[in-house]
Amino acid sequence: MIEAVVGANWGDEGKGKITDMLAEKADIVVRFQGGANAGHTIVNQYGKFALHTLPSGVFYQHVTSVLGNGVALDVPKVMKEIDDIVGRGVPTPRILISNRAQIVMSYHILLDGYEEERLAGKSFGSTRSGIAPFFSDKYAKIGFQVSELWDEDTIREKAKRVCELKNPLLQYLYNEPLLKAEDIVEELHGYREALEPYVTDTAAFLQKALKEGKLILMEGQLGTMKDPDHGIYPMVTSSSPLAGYASVGAGVPPYEIKKVVAVTKAYSSAVGGGEFVSEIFGKEAETLRNHGGDGGEYGATTGRPRRVGWYDCVASKYGCRMQGATDVAFTVVDDLGYLDEIPVCVAYEIDGKQTTEFPTTAELKKAKPVYKVMPGWKCDIQGIRRYEDLPENCRKYIEFIESQIGFPITMVSNGPGRQDIIYRK
9 MIEAVVGANW GDEGKGKITD MLAEKADIVV RFQGGANAGH TIVNQYGKFA LHTLPSGVFY
69 QHVTSVLGNG VALDVPKVMK EIDDIVGRGV PTPRILISNR AQIVMSYHIL LDGYEEERLA
129 GKSFGSTRSG IAPFFSDKYA KIGFQVSELW DEDTIREKAK RVCELKNPLL QYLYNEPLLK
189 AEDIVEELHG YREALEPYVT DTAAFLQKAL KEGKLILMEG QLGTMKDPDH GIYPMVTSSS
249 PLAGYASVGA GVPPYEIKKV VAVTKAYSSA VGGGEFVSEI FGKEAETLRN HGGDGGEYGA
309 TTGRPRRVGW YDCVASKYGC RMQGATDVAF TVVDDLGYLD EIPVCVAYEI DGKQTTEFPT
369 TAELKKAKPV YKVMPGWKCD IQGIRRYEDL PENCRKYIEF IESQIGFPIT MVSNGPGRQD
429 IIYRK
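Heads up: the sequence shown begins at 9 in my numbering, then just goes up one per residue.
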């Protein structure tokens, strides 16, 4: 059976913790899309970790961690992550990497940075991890698939073609040093050596596991609003973070995905540009940001301050619908305990009319939040394990949001650790 853990919003919802928690009963955890351009923060008995590419099951010895064909594989970063967690006392995880995954090259990262600098104030807020240039090359059919590393003629031919296509951009658009085919081939040789112990046909491995009745967790990166088709285009990522894409990005049948856990925060946050209707600013935002999470709302990949806002029921209802949520995990509820009152965005006003349906970006630019103010609970709720023991106003807040989004909140996270979870039926 397959269960998917995905983001309902802009990313940064707390998917890492939920995956890490659910992985205790799983056999396999799979990353099926995205790259090292976002991170999942996890707190467990080994310490606090920010994973960027490794699946959030790597802390369990019984779990096989898989990087599927849909992942943008930044080899040096993956190897560094493995070394980092093992160096901090985590037992060496069992990791498998798809032979159909494609490789993020060093020139992808350079091109990402050059383009952000060229766009200046109109940039996309990229993490400069090479993701957009990587996916551009994948679909232009000049990317390097892992399986090709052992085909010398192919990588040399492609390296030459890459130089022919990229060097005019580097010379005339960016005024930067040109690529050399021999340097690209040398880089690929290094990746071949690093990847050899991990590479296999992961789709076949997963199909066999399904036949054996194993439990597989699919871990998504970012969230619905960053989907290139259904998100806040063009301020989106370059691969689909929707649960439906898990069948493509991991090579498994879609009908095997039986459960979709959509993760959403008790307030809103985002890294990068794009429309964010319930965003708040100034001292109000800074106070919320500094109460947020374990160490505040700062990006796990970039370290930059996250944009924050009040809970957005319009975006979350849409996000859960697009994910096909069967369950909702409601995270960081404990961060709101300092507030006397908590605004909740229940609708958008566009051109004088209210709507609870999430619009396209052109309409979203005109949207203003419509708030309902809920009473706060003014206490620390960490350590509570039964839903009935939460303060009444906290329960009312959760139940109101559940009624607005129309999807069942079955898990409430009230702290950073694995044990900080409350299950609801």
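Using N, Cα and C, we set each Cβ at its ideal position, and we do this for glycine too.
| Item | Value |
| --- | --- |
| May I ask which residues mark the beginning and end of the beta strand (DSSP E) holding LEU338? | Here residue 338 is Phe; the residue named in the question, Leu, does not match the sequence. Segment 335-339, the beta strand (DSSP E) holding PHE338. |
| Is the beta carbon of VAL268 closer than 8 Å to that of GLY327? | no |
| Please report how far the alpha carbon of LEU81 lies from the alpha carbon of ILE111, in whole angstroms. | 5 Å |
| Quick one: what does DSSP say LYS219 is sitting in, helix, strand or coil? | helix |
| Are the CB atoms of SER286 and GLY317 within a distance shorter than 8 Å? | yes |
| Taking GLY24 as the reference, which of GLU32, ILE50, ILE105 has the closest Cα? | ILE50 |
| Would you call GLU195 buried or exposed, if buried means 16 or more other Cβ atoms sit within 10 Å of its Cβ? | buried |
| Which of the three DSSP states is assigned to PHE57 in this structure? | strand |
| Taking three-plus beta-carbon pairs below 8 Å as touching, is the stretch 53-70 in contact with the stretch 172-192? | no |
| Using only the alpha-carbon positions, how far apart do GLN362 and LYS433 sit? | 33 Å |
| According to DSSP, is THR369 helix, strand or coil? | helix |
| Let me make sure I understand the geometry here. Which of GLY151, GLN427, SER155 has the alpha-carbon closest to that of ARG200? | SER155 |
| For the 8 Å Cβ check, are there 3 or more pairs between the stretch 29-46 and the stretch 287-296? | no |
| So MET9 is in the alpha helix (DSSP H); what residue range does that whole segment cover? | First-last for MET9: undefined, no H or E at that position. |
| For TYR241, I'd like the list of residues in its chain whose CB is within less than 7 Å of its CB, leaving aside the five on either flank, ordered along the chain. | THR369 |
| By Cβ distance, which residues of its chain are closer than 7 Å to ARG393, with the 5 residues on each side in sequence left out? | ILE430 |
| Is the distance from the Cβ of GLY14 to the Cβ of GLY228 below 8 Å? | The displayed chain sequence assigns Val, not Gly, to residue 14. Yes; because the gap between Cβ atoms is below 8 Å, this pair is in contact. |
| Does DSSP put ARG329 in a helix, in a strand, or in coil? | helix |
| Which same chain residues end up closer than 6 Å to PHE415 when comparing Cβ atoms and leaving out the 5 residues on each side of it in sequence? | CYS328, ALA333, VAL336 |
| Compare the Cα-Cα distances from ASN45 to each of PHE143, MET29, LEU30, GLY65 and report the closest residue. | PHE143 |
| What ranges does the alpha helix (DSSP H) occupy inside the stretch 71-119, keeping only unbroken runs of at least 4 residues that lie completely in it? | 83-95 |
| Report the rounded CA-to-CA distance for ARG126 versus TYR182, giving the unit in angstroms. | 8 Å |
| Have a look at ALA278, ALA212, PRO399 and flag the residue whose alpha-carbon is nearest the alpha-carbon of PRO261. | ALA212 |
| With a Cβ-Cβ cutoff of 8 Å, do ILE139 and SER64 count as a contact? | no |
| If you scan the stretch 10-42 from start to end, which runs of the beta strand (DSSP E) of 3 or more residues do you find wholly inside it? | 10-15, 36-39 |
| Quick one: measure Cβ to Cβ for ILE105 and TYR206, integer angstroms, because I've assumed they're closer than 8 Å. | 4 Å |
| Tell me whether ALA435 sits in a helix, a strand or coil according to DSSP, three-state version. | With the chain covering 9 to 433 only, the question about residue 435 has no answer from this structure. |
| For a quick check, are the C-beta atoms of MET9 and LEU223 less than 8 Å apart? | yes |
| Quick check on SER73: buried or exposed, where buried means 16 or more other Cβ atoms within 10 Å of its Cβ? | buried |
| Take the Cβ of HIS70 as the centre, count every other Cβ of all protein chains shown within 10 Å, and call the residue buried at 16 or more, exposed below. | exposed |
| Rounded to the nearest angstrom, what separates ALA12 and GLU184 at their Cα positions? | 42 Å |
| Between the C-alpha atoms of ARG164 and PHE152, what's the straight-line distance to the nearest angstrom? | 11 Å |
| Count the other C-beta atoms from every protein chain shown that fall within 10 angstroms of the C-beta of ASP159, then say buried if there are 16 or more, exposed otherwise. | exposed |
| Alpha carbon to alpha carbon, how far is ALA128 from LEU230? | 24 Å |
| Over what stretch of residues does the beta strand (DSSP E) that includes LEU230 continue unbroken? | 224-231 |
| Quick one: what does DSSP say ASN320 is sitting in, helix, strand or coil? | The question names Asn, yet the displayed sequence has Asp at residue 320. Strand. |
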